[in-house]
Amino acid sequence: DIVITQSPDSLTVSLGERATINCKSSQNILASSRNKNYLAWYQRKPGQPPKLLMYWGSTRESGVPDRFSGSGSGTDFTLTISSVQAEDVAVYYCQQYYVNAITFGQGTRLEIK
Amino acid sequence: EVQLVESGGGLVQPGWSLRLSCTASGFIFGDYAMSWVRHVPGKGLEWVSFIRAKAYGGETHYATSVKDRFIISRDDSKSIAYLQMNSLTTEDTAVYYCTRAGSYLGYYFDYWGQGALVTVSS
């Protein structure tokens with residue numbers, strides 16, 4: 001299986017600061033023929049189901065604020081929140097869907113200082 | 001509005017079976033792959049299984065941890081996806097989410113149900 005490793009495990013930032021979450025895949029998840037990275041990002045708040053934020057590595061899901069952005073290619077990816085708001089407190093997961101055996105990262109907890 | 005509603009969760013003993021259902025509405029169910037993802041309390045997300053749309057073969061795939069114990073199926077006439085869980089162990093205790101695959105090109109999950117809690121305990 002493709003192993004997805006996120007860093008850091010937890011992150012504490014002040015309101016309005018930038019937050020950066022990294023996601024590393026044990027294998028390349030870029031389909032060169034389609035020029036697409038098979039990576040998604042999700043936000044999970046307590047008591048709620050996960051919410052899709054980004055797919056194809058950098059495509060923002062409809063309705064997601066533009067302070068969220070995704071970047072990277074191949075094996076290394078980043079989710080950036082340009083100016084963290086109180087409502088962004090959550091656990092963030094990345095997921096690869098390059099192969100049938102879909103895998104998630106272990107999650108990164110974002111808290112406000 | 002897309003809605004996914006899980007049912008069938010509960011408390012069972014190790015070795016028992018349970019069947020989860022996911023009733024979908026707000027989209028053409030038969031056009032989409034469906035999947036189950038679980039969240040173990042205090043831990044992360046784990047993909048469990050998916051089933052392709054019939055137009056793409058209807059094939060099924062499973063995580064290694066549930067292969068040969070769980071069976072995913074779908075009834076497009078009723079817009080329901082199922083997860084038959086057999087030989088349950090305490091490690092299967094989790095909230096099980098029904099999800100829709102956002103694209104036939106790649107299975108990211110654009111809609112999630114509220115989840116069904118499955119507790120396996122003696």
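As they're listed, the protein sequences go chains A and B.
Take 1 as the starting number for the first sequence in my numbering and just add one per residue.
Take 1 as the starting number for the second sequence in my numbering and just add one per residue.
Don't be surprised by glycine CBs; every beta carbon is placed ideally from N, CA and C.
Since the structure is predicted, the reported quantities are computational estimates derived from the model, not experimental observations.
Check	Outcome
Could you say which of 26/B, 84/B and 122/B lies nearest to residue 69/B if we only look at CA atoms?	84/B
Quick one: measure Cβ to Cβ for residue 96/B and residue 36/B, integer angstroms, because I've assumed they're closer than 8 Å.	6 Å
What residues from the region 86–108 of chain A come within 9 Å of chain B, judged by C-beta to C-beta, listed N to C?	91, 93, 95, 97, 98, 100, 101, 102, 103, 104, 105, 106 and 107
At the level of alpha carbons, what is the spacing between residue 117/B and residue 14/B?	15 Å
Could you tell me the distance, in whole angstroms, from the CA atom of residue 52/B to the CA atom of residue 67/B?	17 Å
What residues of chain B sit near residue 49/A, judged by a beta carbon separation below 8 Å?	97, 112, 113, 114 and 115
Identify the contact partners of residue 52/A in chain B, using a Cβ-Cβ distance below 9 Å as the criterion.	102, 108, 109, 110, 111 and 112
Which of the three DSSP states, helix, strand or coil, is assigned to residue 32/B?	coil
Between the Cα of residue 3/B and those of 113/B, 119/B and 19/B, spot the shortest distance and give me the residue it belongs to.	113/B
Mind listing which residues of the region 59–85 of chain A have their C-beta closer than 8 Å to chain B's C-betas, in chain order?	61
Step through the CB atoms of chain A and report whether any lies within less than 8 Å of the CB of residue 1/B.	no
Using a 10 Å radius around the Cβ and a threshold of 16 neighbouring Cβ atoms, would you call residue 100/A buried or exposed?	exposed
Is the region 90–107 of chain A touching the region 31–38 of chain A, taking contact as three or more C-beta pairs under 8 Å?	yes
Can you check whether the CB of residue 21/A is closer than 8 Å to the CB of residue 78/A?	yes
According to DSSP, what are the bridge partners of residue 10/B?	118/B
Can you list the residues of chain A that residue 45/B reaches, using a CB-CB cut of under 7 Å?	50, 93 and 104
Within the same chain, show all residues whose beta-carbon is closer than 6 Å to that of residue 27/A, passing over the 5 residues directly before and after it, in chain order.	2
Verify the CB distance criterion: does residue 173/B have a CB-CB separation below 8 Å to chain A?	This structure does not reach residue 173/B, given that chain B is present from 1 up to 122, and the question cannot be answered.
Out of 45/B, 50/B and 49/B, point me to the one whose CA is closest to residue 49/A's CA.	45/B
How far does the beta strand (DSSP E) with residue 81/A in it extend, from its first residue to its last?	76–81
Taking residue 77/B as the reference, which of 5/B, 89/B and 31/B has the closest Cα?	31/B
Which same chain residues end up closer than 6 Å to residue 24/B when comparing Cβ atoms and leaving out the 5 residues on each side of it in sequence?	4 and 79
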